[in-house]
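Asks: Protein chains in written order, with this note's numbering: chain A, 1 to 285; chain B, 286 to 411.
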Amino acid sequence: MAIAGALIWAAVIGTLIYATRERRRVQSEHAAGLLILWGGAIIPALLLGLLLGYALWLMPDIRPWSAPGEPAGLRIEVEGEQFWWRVRYHPADGPPVDAANEIRLPVGERVEFTLTSSDVIHSFWIPVLGGKMDMIPGRTNRLTLRAAKTGTYRGPCTEFCGTSHALMAFSVVVMEPDAFRDWLADEARPSPGAGAPGGELFIANGCPACHTVRGTEATGAVGPDLSHVGSRETLAAGIMPVDVEAIASFISKPDAIKPGAQMPAFGMLPEADIAAIAAYLEGLK
Amino acid sequence: MRILPKEIETLWTLFTAPVVWALHFLVCYVGAAIYCAKQDAVDFGFGVVRAGIGAVTVAALAMIVLSAVLAWRQWGFGTYDPPHDDPTPHDRRRFQGFATLLLSGLSFIAVVYTAMAALMISGCFQ
Numbered sequence: 001m002a003i004a005g006a007l008i009w010a011a012v013i014g015t016l017i018y019a020t021r022e023r024r025r026v027q028s029e030h031a032a033g034l035l036i037l038w039g040g041a042i043i044p045a046l047l048l049g050l051l052l053g054y055a056l057w058l059m060p061d062i063r064p065w066s067a068p069g070e071p072a073g074l075r076i077e078v079e080g081e082q083f084w085w086r087v088r089y090h091p092a093d094g095p096p097v098d099a100a101n102e103i104r105l106p107v108g109e110r111v112e113f114t115l116t117s118s119d120v121i122h123s124f125w126i127p128v129l130g131g132k133m134d135m136i137p138g139r140t141n142r143l144t145l146r147a148a149k150t151g152t153y154r155g156p157c158t159e160f161c162g163t164s165h166a167l168m169a170f171s172v173v174v175m176e177p178d179a180f181r182d183w184l185a186d187e188a189r190p191s192p193g194a195g196a197p198g199g200e201l202f203i204a205n206g207c208p209a210c211h212t213v214r215g216t217e218a219t220g221a222v223g224p225d226l227s228h229v230g231s232r233e234t235l236a237a238g239i240m241p242v243d244v245e246a247i248a249s250f251i252s253k254p255d256a257i258k259p260g261a262q263m264p265a266f267g268m269l270p271e272a273d274i275a276a277i278a279a280y281l282e283g284l285k
Numbered sequence: 286m287r288i289l290p291k292e293i294e295t296l297w298t299l300f301t302a303p304v305v306w307a308l309h310f311l312v313c314y315v316g317a318a319i320y321c322a323k324q325d326a327v328d329f330g331f332g333v334v335r336a337g338i339g340a341v342t343v344a345a346l347a348m349i350v351l352s353a354v355l356a357w358r359q360w361g362f363g364t365y366d367p368p369h370d371d372p373t374p375h376d377r378r379r380f381q382g383f384a385t386l387l388l389s390g391l392s393f394i395a396v397v398y399t400a401m402a403a404l405m406i407s408g409c410f411q
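1) Which runs of the beta strand (DSSP E) spanning at least 3 residues fall entirely within the stretch 311–390 of chain B, listed in chain order?
2) Taking Cβ positions only, does Gly-49 (chain A) come closer than 8 Å to chain B?
3) List, in chain order, every chain B residue whose beta-carbon is nearer than 9 Å to that of Gly-53 (chain A).
4) Please report how far the alpha carbon of Val-333 (chain B) lies from the alpha carbon of Val-397 (chain B), in whole angstroms.
5) Starting from Ser-252 (chain A), trace the alpha helix (DSSP H) both ways and give me its first and last residue.
6) Locate the beta strand (DSSP E) running through Gly-151 (chain A), then write down its first and last residues.
7) Rounded to the nearest angstrom, what separates Pro-250 (chain A) and Leu-105 (chain A) at their Cα positions?
8) Under 8 Å, Cβ to Cβ, is there at least one residue of chain A near Ile-394 (chain B)?
9) Does the stretch 218–230 of chain A come close enough to the stretch 96–105 of chain A that 3 or more CB-CB pairs lie under 8 Å?
10) Rounded to whole angstroms, what is the Cα-Cα separation between Phe-362 (chain B) and Leu-387 (chain B)?
11) Got a sec: is the Cβ-Cβ distance from Met-135 (chain A) to anything in chain B below 8 Å?
12) So, with DSSP's three-state summary, where would you put Arg-88 (chain A)?
13) Given that Tyr-398 (chain B) touches chain A, what residues does it touch there, using C-beta distances under 8 Å?
14) The beta strand (DSSP E) that contains Phe-113 (chain A), what's its start and end?
15) Out of curiosity, what's the CA-to-CA distance linking Gly-290 (chain A) and Ala-278 (chain A)?
16) Rank A:Gly-260, A:Asp-243, A:Pro-264 by C-alpha distance to the C-alpha of Ser-252 (chain A) and give the top, closest one.
17) Which bits of chain B does Ala-45 (chain A) rub up against, with CB to CB less than 7 Å?
18) How big is the Cα-Cα spacing for Ala-209 (chain A) and Thr-216 (chain A)?
19) If Thr-152 (chain A) sits next to Val-172 (chain A), beta carbons under 8 Å apart, how far is it from one beta carbon to the other, in whole angstroms?
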């Protein structure tokens, strides 16, 4: 595609230079007419036809379409919130699994995304994998993607959604199908760190009102699911590394890190408590 | 009111091909949309819709070619070169014929592009 574009560009610029050269001889009207007919009508129409054919040929694969009788594959529900992503995996053969701010995909498989929003319009985009799709409150948009190779990619929010719009992103980890299924099974279970020290502070300070940590009494659904937050690629929807220091600073002053975030600041807690909660969350692998 | 103009000097012939293009576009897209909305209520498959789009496309292209042939005749079969910009009935007719011919070409390509989607799309959104 890039080569074809370069050739067309070279042809157009070449014609431009030819047309503006110092005049040596005047073209006959017949020759000029032929140039316009071929260069201005027939060749562009053929090229556009080819491009359209190629794009249409690609289309069935990116549409949320499956042939009648084809078994349903993995569906991932993503809901845009100010300013994070609620993610729910719907495997074909099991109960849904909740997560947040990170999407994992099996390589080579078609995955259907159902996209919605709970507050304002967001837009879901994984540039490496395909086109963007808006997330509109009260509406479910569908998009199908197929990752061709493993790796870690990034997806930004691409519709202005408030003060922290630019701080709303997610990581995409494309894994081998078997590794993905193992990961999803682990994700559905409580983290081995769920009962570790620090958990009681997490509970006592009211965090469960908004957050879920599977295997504990924290079942809040207002904010991101934190069941395996320590194993994610990023913290706070794609803007910070997952380490104790970053988690502690986010607990202390979320609004300074992410203006407009709904989470209240917990900077009034003793520093030792914040550090203990941060260490606990970092241990939720 | 006559649908077919009696006068030769009328602008209606100029619009024939674009109108066919517009109608073809509407029939293809509205037809497919209605089928997909009502597919549970009818007992034929999407293949019939594609065949229908094919038939409508052939008919539309035939009408556009006919319009182009008539325009070519009005233009004088290419005997006179443009620009036809003298304020005479003769030049007015030639100009209209030439413009109609160009619009027919555009409409022909547009109808082909519209129909190409039906070659690739083999079913409704599911």
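We treat Cβ as the ideally placed atom computed from N, Cα and C, and that holds for glycine.
Replies: Let's see:
1) none
2) The sequence position of residue 49 (chain A) within the first sequence is 49, counting from 1. By this cut-off, Gly-49 (chain A) is an interface position.
3) On the first sequence, position 53 is the one that residue 53 (chain A) refers to. Ordered by position in chain B, the residues that pass the 9 Å Cβ test against Gly-53 (chain A) are Met-401, Leu-404, Met-405.
4) Taking the second sequence and counting its residues from 1, one reaches residue 333 (chain B) at position 48. Taking the second sequence and counting its residues from 1, one reaches residue 397 (chain B) at position 112. Going from the Cα of Val-333 (chain B) to the Cα of Val-397 (chain B) covers about 19 Å.
5) Looking up residue 252 (chain A) in the first sequence gives position 252. Unbroken alpha helix (DSSP H) run through Ser-252 (chain A): 244–252.
6) Stepping through the first sequence from its first residue, residue 151 (chain A) is reached at position 151. 151–156 is the extent of the beta strand (DSSP E) around Gly-151 (chain A).
7) On the first sequence, residue 250 (chain A) is found 250 positions in, with the first residue counted as 1. On the first sequence, residue 105 (chain A) is found 105 positions in, with the first residue counted as 1. According to the sequence as given, residue 250 (chain A) is Phe; it is not Pro. When rounded, the distance between both Cα atoms is 28 Å.
8) Counting from 1 along the second sequence, the entry for residue 394 (chain B) is found at position 109. Yes, Ile-394 (chain B) counts as interfacial toward chain A.
9) yes
10) Residue mapping note: residue 362 (chain B) aligns to position 77 of the second sequence, counting from 1. Residue mapping note: residue 387 (chain B) aligns to position 102 of the second sequence, counting from 1. If I take the Cα positions, the gap works out to 13 Å.
11) Taking the first sequence and counting its residues from 1, the one referred to as residue 135 (chain A) is at position 135. It does not; no Cβ of chain B falls within 8 Å.
12) Locating residue 88 (chain A) in the first sequence gives position 88, where the first residue counts as 1. Looking at Arg-88 (chain A) - three-state DSSP - the assignment turns out to be strand.
13) Here residue 398 (chain B) refers to the residue found at position 113 when the second sequence is read from its first residue. Within 8 Å Cβ-Cβ: Leu-48, Gly-49, Leu-52.
14) Taking the first residue of the first sequence as position 1, residue 113 (chain A) is located at position 113. Here the beta strand (DSSP E) through Phe-113 (chain A) covers 110–117.
15) Any property of residue 290 (chain A) remains undetermined from this structure, which presents chain A solely from 1 to 285.
16) Position 252 of the first sequence, counting from 1, holds the residue named residue 252 (chain A). Answer by Cα proximity: A:Pro-264.
17) Indexing the first sequence from 1 puts residue 45 (chain A) at position 45. Residues of chain B passing the Cβ test: Ile-394.
18) Locating residue 209 (chain A) in the first sequence gives position 209, counting from the first residue. Locating residue 216 (chain A) in the first sequence gives position 216, counting from the first residue. Distance between the alpha carbons of Ala-209 (chain A) and Thr-216 (chain A): 13 Å.
19) The sequence position of residue 152 (chain A) within the first sequence is 152, counting from 1. The sequence position of residue 172 (chain A) within the first sequence is 172, counting from 1. About 7 Å separates the two Cβ atoms, so the contact holds.
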